[in-house]
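From first to last, the protein sequence lines are chains A and B.
With full-length UniProt numbering applied, the first sequence corresponds to residues 1 to 234, in that order.
With full-length UniProt numbering applied, the second sequence corresponds to residues 1 to 171, in that order.
Every residue, glycine too, gets a C-beta built ideally from N, C-alpha and C.
Since the structure comes first, as structure tokens, the remarks are kept for the end.
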Amino acid sequence: MSSSQTTTVNDPHLDNTTTTNNDTLPNNNSQEPSTSTDSSQYRSSTQYSFKPPPENSKTSTKPDLDDNEEEKRDDSMYVCNICLDIAKESVITMCGHLFCWPCLNCWLETKPQRQLCPVCKAAISKDKVVPLYGRNNEKQQDPRSKKSPPRPQAQRTEPDNSQNYQGFQSFGDAGFHLSFGIGAFPFVFFGSSFNFNDIRQRNGQNGSQFEEDQFLSKVFLWVAIIFFCWLILA
Amino acid sequence: MSNQSIQSENKPNNDEPVGNKGSAVAKRLQKELMALMMSSEKSVSAFPEDSNFFRWKATIVGPKETPYENQKYRLSIEFPNNYPYTAPTCKFTTPCFHPNIDISTGMLCLDILKEKWSALYDVRTILLSIQSLLSEPNNDSPLNSNAASLWDKKAEYKKYLDQFYEKNKDT
Ligand SMILES: [Zn+2]
Ligand SMILES: [Zn+2]
Chain A
1 MSSSQTTTVN DPHLDNTTTT NNDTLPNNNS QEPSTSTDSS QYRSSTQYSF
51 KPPPENSKTS TKPDLDDNEE EKRDDSMYVC NICLDIAKES VITMCGHLFC
101 WPCLNCWLET KPQRQLCPVC KAAISKDKVV PLYGRNNEKQ QDPRSKKSPP
151 RPQAQRTEPD NSQNYQGFQS FGDAGFHLSF GIGAFPFVFF GSSFNFNDIR
201 QRNGQNGSQF EEDQFLSKVF LWVAIIFFCW LILA
Chain B
1 MSNQSIQSEN KPNNDEPVGN KGSAVAKRLQ KELMALMMSS EKSVSAFPED
51 SNFFRWKATI VGPKETPYEN QKYRLSIEFP NNYPYTAPTC KFTTPCFHPN
101 IDISTGMLCL DILKEKWSAL YDVRTILLSI QSLLSEPNND SPLNSNAASL
151 WDKKAEYKKY LDQFYEKNKD T
């Protein structure tokens with residue numbers, strides 16, 4: 001890294017008097033800058049993220065271009081695998097593949113019996129996708145809670161058959177048949193464990209917390225199943 | 001925002017999972033067309049038929065070092081309204097003598113267009129898969145049993161295929 005490079009890059013961030021000094025005295029660069037660059041470098045590194053790119057200096061155009069190129073390259077990384085557009089309301093599967101939530105939701109709904117990642121064919125489920133929140137997402141709303149909500153909502157009052165069914169899908173057919181014959185109680189039971197799950201997930205998308213929730217809901221399931229076996233046998 | 005969510009909550013949403021997606025399908029097909037036109041892949045090509053964006057004409061050149069080398073086949077691809085959630089329907093419009101292609105209808109048997117379909121696949125990958133099917137037929141479930149039984153006799157197969165192709169090829 002030559003000293004002249006660092007000074008030119010830093011130029012736009014210095015106030016007017018110092019930049020004119022540098023412009024008028026280009027030959028001094030080799031001797032003087034060591035002290036001045038140290039301080040300006042520090043200043044620029046802290047200021048850079050807050051300052052809009054300067055317009056009129058030639059030196060600043062080069063880093064700008066690099067930024068644009070990088071952005072283009074990055075954009076292609078964030079293309080939804082289904083609509084081939086930049087992912088909106090992005091979610092990521094456990095296997096690491098990015099989709100728009102509406103696109104993935106649609107895909108899962110067309111194949112309810114075989115829920116596979118379109119890219120790698122890993123088994124996936126609506127409950128196990130992670131929403132992605134960028135910096136400028138003011139709302140930070142779980143995309144899954146918008147539009148066709150896949151999971152039971154805590155606030156909803158009327159018990160809806162389709163809602164409960166969604167909960168059972170992840171537990172497999174056996175659980176569904178068993179409880180279907182017996183009555184309303186299991187629905188309440190599962191419903192509560194699911195809502196609990198839901199709320200905690202929205203508060204923080206922690207890996208360990210997620211696993212804990214999974215574990216909890218499994219415990220609830222088994223307790224319910226044992227209870228029912230006991231009910232049937234007794 | 002809140003209005004929207006209330007509306008969608010009130011509306012039953014499970015009767016039509018892919019409703020009103022025509023524009024989204026067209027958008028995706030446009031992107032696929034762009035990608036196809038930009039790609040350097042010369043052995044497969046596809047283009048929408050006339051004004052209908054949901055019906056494409058495609059061509060596949062037989063893969064090198066196979067009996068199909070230097071042969072050119074035309075296909076039609078028809079996209080459903082809920083593409084890419086459902087596979088498009090592909091048919092050979094140039095009659096093709098091949099174990100997995102119906103000689104009269106042009107229908108073909110390819111798993112990725114049926115049970116193994118994924119929304120990830122696009123026209124390009126479909127055509128490349130069909131192209132590789134030409135060189136690696138699945139002789140266990142043939143649509144053309146003549147072709148399947150002849151496949152192992154290379155010279156005979158090639159001879160018959162060439163005759164058949166010359167008779168049926170497009171000009
Ligand atoms: Zn998408
Ligand atoms: Zn995947």
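Q. Would you call the stretch 146 to 156 of chain B and the stretch 107 to 123 of chain B touching, i.e. three or more CB-CB distances under 8 Å?
A. no
Q | Within chain A, partners of R28(B) - CB distance below 7 Å | A | C83 and L84
Q) Which term fits W230(A), buried or exposed, when burial requires 16 or more other beta carbons within 10 angstroms of its beta carbon? A) exposed
**Q.** I232(A): CB within 7 Å of a non-hydrogen atom of ligand 1
**A.** no
Q. Between the stretch 96 to 120 of chain A and chain B, which residues of the former have CB atoms less than 7 Å from a CB of the latter, in chain order?
A. C106, W107, E109, T110, P118 and V119
Q: Starting from E49(B), follow its DSSP beta bridges and name the residues at the other end.
A: N52(B)
Q) What's the call for A87(A), buried or exposed, on a 16-neighbour Cβ count within 10 Å? A) buried
Q: Find the nearest neighbour of T110(A) within the set S23(B), Y85(B), K159(B) and E78(B), judged by alpha-carbon distance.
A: Y85(B)
Q: May I have the straight-line CA-CA distance separating T93(B) from P99(B), to the nearest angstrom?
A: 16 Å
Q: Report, in whole angstroms, the separation of the C-beta atoms of I130(B) and C90(B), which I expect to be a contact under 8 Å.
A: 7 Å
Q: Under 8 Å between beta-carbons, which chain A residues line up against A24(B)? List them in chain order, please.
A: C83
Q.
Please give the ranges of any alpha helix (DSSP H) in the stretch 59 to 139 of chain B, keeping only runs that are unbroken, at least 4 residues long and fully inside the region.
A. 123 to 135
(Q) So if I threshold CB-CB distances at 7 Å, which residues from the stretch 35 to 57 of chain B count as touching chain A? (A) none
Q. Using a C-beta to C-beta distance shorter than 7 Å, which residues of chain A count as neighbours of K31(B)?
A. L84
Q.
If you measure from each CB to the nearest heavy atom of ligand 2 and keep those under 6 Å, what residues do you get, in chain order?
A. T93(A), C95(A), H97(A), C117(A), V119(A), C120(A) and A122(A)
Q. Does the count of Cβ pairs from the stretch 61 to 79 of chain B and the stretch 134 to 153 of chain B closer than 8 Å reach three?
A. yes
Q. How many Å lie between N139(B) and K167(B) at the Cα?
A. 24 Å
Q) Helix, strand or coil for K158(B) per DSSP? A) helix
Q) Taking buried to mean at least 16 other C-beta atoms within 10 Å of its own C-beta, is N144(B) buried or exposed? A) buried
Q: Would you give the residue range spanned by the beta strand (DSSP E) that V119(A) belongs to?
A: Here V119(A) belongs to no beta strand (DSSP E), and DSSP marks it neither H nor E.
Q) Is S90(A) helix, strand or coil when you go by DSSP? A) strand
Q. For C106(A), does the three-state DSSP call read helix, strand or coil?
A. helix
Q. Roughly how many angstroms separate the alpha carbons of D170(B) and G134(A), rounded to a whole number?
A. 53 Å
Q.
Given the structure, does F99(A) come close to ligand 1, in the sense that its CB is under 7 Å from one of the ligand's heavy atoms?
A. yes
Q: Classify K111(A) as helix, strand or coil using the three-state DSSP reduction.
A: coil
Q | Heavy atom of ligand 1 within 7 Å of A46(B) beta-carbon | A | no
Q. DSSP puts K57(B) in a beta bridge; with which residues?
A. F47(B) and S76(B)
(Q) So, with DSSP's three-state summary, where would you put L129(A)? (A) Reading off the sequence, residue 129(A) comes out as Val, not Leu. The answer is coil: DSSP assigns V129(A) none of H, G, I, E or B.
Q: Compare the Cα-Cα distances from residue 172(B) to each of W117(B), R124(B) and C109(B) and report the closest residue.
A: One cannot answer for residue 172(B) here, as it falls past the ends of chain B, which runs 1 to 171.
**Q.** Inter-residue CB distance, R114(A) and P131(A) (contact presumed, cutoff 8 Å)
**A.** Actually they do not touch by this definition, with Cβ atoms about 23 Å apart.
Q. From the DSSP output, which residues share a beta bridge with L98(A)?
A. I92(A)
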